[in-house]
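A short write-up of the structure that comes next.
There are 2 protein chains.
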Amino acid sequence: MKTKKPTRDKILDATFKLVYVHGYNGTSMDMILKMCAVPKGSLYYHFLSKKDVVLAVVKERISPRMNDFYELKQISDEHEINTIINTILKVSQKQDLIKYGCPLNRLNQEMSPVDEDFDREINLIYLNIKNKIKVLLENSNLQNQKECDSLSEFIVGTVWGSLSLSPNQSSKQRYLDSIKHLIIYLKSLKK
Amino acid sequence: MKTKKPTRDKILDATFKLVYVHGYNGTSMDMILKMCAVPKGSLYYHFLSKKDVVLAVVKERISPRMNDFYELKQISDEHEINTIINTILKVSQKQDLIKYGCPLNRLNQEMSPVDEDFDREINLIYLNIKNKIKVLLENSNLQNQKECDSLSEFIVGTVWGSLSLSPNQSSKQRYLDSIKHLIIYLKSLKK
DNA sequence: AATAAATTAGACCATTTAGTCTAATTTAAG
DNA sequence: CTTAAATTAGACTAAATGGTCTAATTTATT
Chain F
11 MKTKKPTRDK ILDATFKLVY VHGYNGTSMD MILKMCAVPK GSLYYHFLSK KDVVLAVVKE
71 RISPRMNDFY ELKQISDEHE INTIINTILK VSQKQDLIKY GCPLNRLNQE MSPVDEDFDR
131 EINLIYLNIK NKIKVLLENS NLQNQKECDS LSEFIVGTVW GSLSLSPNQS SKQRYLDSIK
191 HLIIYLKSLK K
Chain R
11 MKTKKPTRDK ILDATFKLVY VHGYNGTSMD MILKMCAVPK GSLYYHFLSK KDVVLAVVKE
71 RISPRMNDFY ELKQISDEHE INTIINTILK VSQKQDLIKY GCPLNRLNQE MSPVDEDFDR
131 EINLIYLNIK NKIKVLLENS NLQNQKECDS LSEFIVGTVW GSLSLSPNQS SKQRYLDSIK
191 HLIIYLKSLK K
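As structure tokens, then:
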């Protein structure tokens with residue numbers, strides 16, 4: 011027997027899906043209300059405004075999702091570079107990532123230039139992921155230890171960039187073809 | 011003495027600037043009208059709709075801008091890889107690219123998933139740039155000639171991706187740090 | 001100068017937008 | 001069971017939105 015999902019959760023889930031595809035300005039409150047089948051009064055009881063809802067989506071949906079995905083847990087004595095490569099490859103198995111790109115990056119591009127609250131919140135998540143990669147790199151004894159910071163930025167930039175090129179034409183294979191070069195480069199840094 | 015700019019051009023110029031920063035859905039017709047100081051009747055005399063204006067911006071402003079920038083002209087006996095690297099480095103000198111990322115990529119992320127006309131038009135420009143890079147790579151006698159297509163995709167993805175990470179925090183130096191690794195990799199492919 | 005065509009001008013309109021308000025209902029607590 | 005608090009319900013509002021319409025004006029042509 012399924013216990014019914016709390017209103018707040020229904021709102022956040024629907025908003026995440028809609029904003030992921032249509033963006034912030036392309037998603038209206040009516041679209042959200044219709045999708046989650048919650049009346050207006052309830053929504054504005056739980057949230058202050060549209061911006062408040064979407065910021066909650068960033069904090070309570072996108073952020074955990076990203077942290078889950080970029081868990082980057084070290085497995086036994088696997089080389090750290092391989093842990094990173096495995097995550098990069100895992101991206102190709104997520105259909106929505108291939109089709110629409112990274113939800114954080116999408117919202118970032120739309121909102122960061124025009125709203126500092128979104129910019130701050132999104133940047134926090136991005137820095138956290140970048141830092142996880144950086145720490146892994148530092149533990150892996152690369153040839154050039156000083157490059158770990160720029161290298162982690164390069165990795166995230168390349169993955170998200172490869173995903174962002176013309177969503178409708180995107181395919182798993184195109185992503186893998188492009189990312190192949192990143193993997194070759196990363197392997198060349200080992201030891 | 012300056013001859014006054016035609017109405018149509020004023021509309022396209024203002025729309026480009028606004029959509030670059032605020033996106034399609036974040037830019038209203040009133041914002042455009044106000045910025046270019048053209049009355050509504052004139053705008054709708056020259057264009058059918060908002061979408062018609064922005065599609066014209068893609069074709070008549072963004073497309074030439076991109077083709078100019080990615081001219082990728084071979085200079086004397088410079089190695090083709092260096093021609094590509096020079097263009098990648100030139101990106102860092104354009105303040106608006108550093109601050110807001112690639113205008114084509116921005117619009118692409120917002121519109122491609124929800125409008126096939128934008129998707130088609132933007133993809134045309136993207137493929138053209140990718141192909142220019144591919145041809146250069148093919149002329150350069152790389153070790154692995156078969157990889158020119160995926161490599162050109164990798165290059166564009168990495169450049170645009172590196173530009174897209176948190177616009178407000180972006181700086182020339184961060185871009186250069188990240189792109190440094192792409193350049194190292196490209197140089198390793200020479201000969 | 002007379003006429004036709006191109007363009008400008010902006011008041012106006014229907015719809016959609018985010019958000020408010022009050023009443024009804026459900027849930028929790030004693 | 002009674003009462004208070006939490007939540008739902010949705011009609012309503014003011015502003016913004018994209019777009020239309022007709023009249024006035026400018027420009028080109030004869």
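Chains as they are written, first to last, in our numbering: chain F, 11 to 201; chain R, 11 to 201.
Glycine is no exception: its CB is placed at the ideal position from the N, C-alpha and C atoms.
For clarity, every value in this text was computed on a predicted model and none was experimentally measured.
Counting C-beta neighbours from all protein chains within 10 Å, is the total for residue i 16 or more, i.e. buried, or is it exposed?
{"i": "K15(R)", "result": "exposed"}
{"i": "I21(F)", "result": "buried"}
{"i": "Y34(R)", "result": "buried"}
{"i": "L137(R)", "result": "exposed"}
{"i": "K156(F)", "result": "exposed"}
{"i": "S162(R)", "result": "buried"}
{"i": "Y55(F)", "result": "exposed"}
{"i": "Q105(F)", "result": "exposed"}
{"i": "N154(F)", "result": "exposed"}
{"i": "L175(F)", "result": "buried"}
{"i": "S181(R)", "result": "exposed"}
{"i": "K140(F)", "result": "buried"}
Leaving out five residues before and five after residue i in sequence, what residues of the same chain have Cβ atoms less than 8 Å from its Cβ?
{"i": "K200(R)", "result": "H89, I91, S150, L152"}
{"i": "L65(R)", "result": "D127, F128, E131"}
{"i": "L196(R)", "result": "I91, I94, I95, I165"}
{"i": "K69(F)", "result": "E131"}
{"i": "I85(R)", "result": "T93"}
{"i": "E148(F)", "result": "Q155, C158"}
For a contact defined as C-beta to C-beta under 7 Å, what are the partners of residue i on chain R?
{"i": "N35(F)", "result": "G33, N35, G36"}
{"i": "R116(F)", "result": "Q119"}
{"i": "R75(F)", "result": "Here the premise fails: no neighbours, minimum Cβ distance about 18 Å."}
{"i": "F190(F)", "result": "What sits at residue 190(F) in the sequence shown is Lys, not Phe. By Cβ distance, chain R contributes S160."}
{"i": "Y110(F)", "result": "P123"}
{"i": "Y80(F)", "result": "Those do not exist, as Y80(F) stays about 14 Å from chain R at its closest Cβ, beyond 7 Å."}
Distance, Cα to Cα, residue i vs residue j?
{"i": "M11(F)", "j": "D19(F)", "result": "Note that M11(F) scores a pLDDT of 42, beneath 50, so its modelled location is shaky; the value from the coordinates is reported in the next line. Between M11(F) and D19(F), the C-alpha separation is close to 18 Å."}
{"i": "V31(F)", "j": "S73(R)", "result": "25 Å"}
{"i": "V169(R)", "j": "L107(R)", "result": "11 Å"}
{"i": "L117(F)", "j": "S198(F)", "result": "33 Å"}
{"i": "M121(R)", "j": "Y110(R)", "result": "17 Å"}
{"i": "F57(F)", "j": "R75(F)", "result": "21 Å"}
{"i": "K60(R)", "j": "C158(R)", "result": "39 Å"}
{"i": "P49(F)", "j": "V67(F)", "result": "19 Å"}
{"i": "S172(R)", "j": "G51(F)", "result": "42 Å"}
{"i": "L114(R)", "j": "K142(F)", "result": "30 Å"}
{"i": "S188(R)", "j": "D125(R)", "result": "32 Å"}
{"i": "T37(F)", "j": "L192(R)", "result": "36 Å"}
{"i": "A40(F)", "j": "L186(F)", "result": "A small fix is needed here, since residue 40(F) is Asp in this sequence, not Ala. Their Cα atoms are separated by approximately 38 Å."}
{"i": "S214(F)", "j": "G167(F)", "result": "Outside the shown range of chain F, which is 11 to 201, sits residue 214(F), and nothing can be said about it."}
{"i": "K44(F)", "j": "I98(F)", "result": "36 Å"}
{"i": "V145(R)", "j": "N77(R)", "result": "15 Å"}
{"i": "P123(R)", "j": "I135(F)", "result": "24 Å"}
{"i": "F26(F)", "j": "I42(F)", "result": "9 Å"}
{"i": "N133(R)", "j": "A24(F)", "result": "29 Å"}
{"i": "R71(F)", "j": "K83(F)", "result": "21 Å"}
{"i": "D62(F)", "j": "Q119(F)", "result": "19 Å"}
{"i": "L28(F)", "j": "E81(F)", "result": "25 Å"}
{"i": "F79(R)", "j": "F79(F)", "result": "36 Å"}
{"i": "I194(F)", "j": "D87(R)", "result": "28 Å"}
Which bits of chain R does residue i rub up against, with CB to CB less than 8 Å?
{"i": "S174(F)", "result": "N115, N118, Q119, G167, W170, G171, S174"}
Among the candidates the options, whose CA atom is the shortest distance from the CA of residue i?
{"i": "Q103(F)", "options": "R184(F), L192(F), H191(F)", "result": "R184(F)"}
{"i": "K190(F)", "options": "V101(F), F26(F), K140(F)", "result": "V101(F)"}
{"i": "A47(F)", "options": "T97(F), T17(F), K144(F)", "result": "T17(F)"}
Return the chain-ordered list of same chain residues with a C-beta closer than 7 Å to the C-beta of residue i, the five sequence neighbours on each side being excluded.
{"i": "C207(F)", "result": "Because chain F in this structure spans residues 11 to 201, residue 207(F) falls outside the shown range and cannot be described."}
{"i": "L53(R)", "result": "I21, L43"}
Using the beta-carbon of each residue, which ones in chain F are nearer than 9 Å to residue i?
{"i": "D127(R)", "result": "Residues of chain F passing the Cβ test: none, with the nearest at roughly 11 Å."}
{"i": "R7(R)", "result": "This structure leaves residue 7(R) out entirely; chain R is present only between 11 and 201."}
{"i": "Y195(R)", "result": "H191, L192, I194, Y195, S198"}
What in chain F is Cβ-close to residue i, meaning under 7 Å?
{"i": "D187(R)", "result": "S160, E163"}
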